[in-house]
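For reference, the structure discussed in these notes is given below.
Numbering (the numbering used here), first residue to last: 1052 to 1131.
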């Protein structure tokens, strides 16, 4: 597994952990489900035959902008 793949898995874990934290604190179910949908989508991109890390990074950037509670640093797979 290369570095970008590991960082992408770390980003997925961060999304799932954030969703779990929100669930434990009784936050909006739609927002929690949306975070889990994003994590699922990233998993699908990561499991494709030709992984497009640029596309994955664009999706992760959009997620960090929409969900400010998610760390943009953890969701970044660029320059690491």
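The beta-carbon is built from N, C-alpha and C at its ideal position, and this holds for glycine as well.
The residue among 1076, 1055 and 1070 with its C-alpha nearest the C-alpha of residue 1118 is 1070. Sequence-distant Cβ neighbours of residue 1079 in its own chain, meaning closer than 8 angstroms and more than five residues away, are 1073. In the DSSP assignment, residue 1053 falls outside any alpha helix (DSSP H), carrying neither H nor E. Rounded to whole angstroms, residue 1058 and residue 1094 show a C-alpha spacing of 12 angstroms. Rounded to whole angstroms, the Cβ separation of residue 1107 and residue 1125 is 14 angstroms, and the two are not in contact under 8 angstroms.
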